[in-house]
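Residue numbers for the sequence shown, in numbering that gives the first Met the number 0: 0 to 190.
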Amino acid sequence: MRIIGGSARGRRIKSPPGHVRPTADRVREALFSILGPHVQGCRFLDLFAGSGAVGLEALSRGARWVDFVEEDPGRATNIRNHLTDFGWSEQGHIHRFSARRYLARVRECFDIVFVDPPYAGPLLAETVKQILATKILADDGILVLEHASSSPPEIGDLETHSLKTYRYGDTMLSVYRPREVETENVQDAGD
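Here is the structure:
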């Protein structure tokens, strides 16, 4: 694995110990193309961080701050080592909690929330329900869910957000953006 774009482009990301399913390079590249300028200066949450590749990519592309949530001690140490090696130890924090426990405690608001739990089981829908209940997503925030393309999540309605899905083989990204951002992007494209 490697950082695909930004200030650390080409730097290698070591695989953490144990079994993880890191977000593939092409999916990360597509994700950050979708997010575009919204990453610059944002506060980013990488839930179920695993290798930390998505949060590290966000920092490389100009995110102001990234919170990584990873309960596995070996994976958390791996992320911490990357933050130090890349010179970003003052721009991110690793929380060694389960996503559920972290969401029960967090008080900050995030501009972008990325959720990538294990594909099997109800964890994705439960996590999104908790995110919406805790209101950690900024009013103009973007919520991104990575999941198996064979099983899109049933999460209910985000009234102020529009949904777009992107499929990459067995992986799907469901991106919830505020409707105002969608309108703003359309207007910017014509200028």
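Each residue gets a CB set at the ideal place from its N, CA and C atoms; glycine is no exception.
Where V65 is concerned, there is no enclosing alpha helix (DSSP H), although the beta strand (DSSP E) around it starts and stops at 64-68. Contact between L162 and V112 is ruled out by a C-beta separation of about 14 Å, above the 8 Å threshold.
Burial state of E107 is exposed, judged by a 10 Å Cβ sphere holding fewer than 16 other Cβ atoms. Going by beta carbons, V127 and V114 fall inside the 8 Å limit.
Just measuring C-alpha positions, the residue of A75, L82, T76, R74 sitting nearest A57 is L82.
Boundaries for I2: no beta strand (DSSP E) harbours it, and the DSSP string shows neither H nor E there. Scanning its chain for C-beta atoms nearer than 7 Å, with the 5 sequence neighbours on each side dropped, one finds around I2 the residues R8, G9, R10, I12, L55, E56, S59, in chain order.
When the five nearest sequence neighbours on each side are left out, no beta carbon in the same chain lies closer than 7 Å to the beta carbon of G86. In this structure, P21 and S50 form a Cβ contact; the two beta carbons are roughly 4 Å apart against a cut-off of 8 Å.
The Cβ atoms of H146 and L123 sit closer than 8 Å to each other. Bounds of the alpha helix (DSSP H) holding F31 are 24-34.
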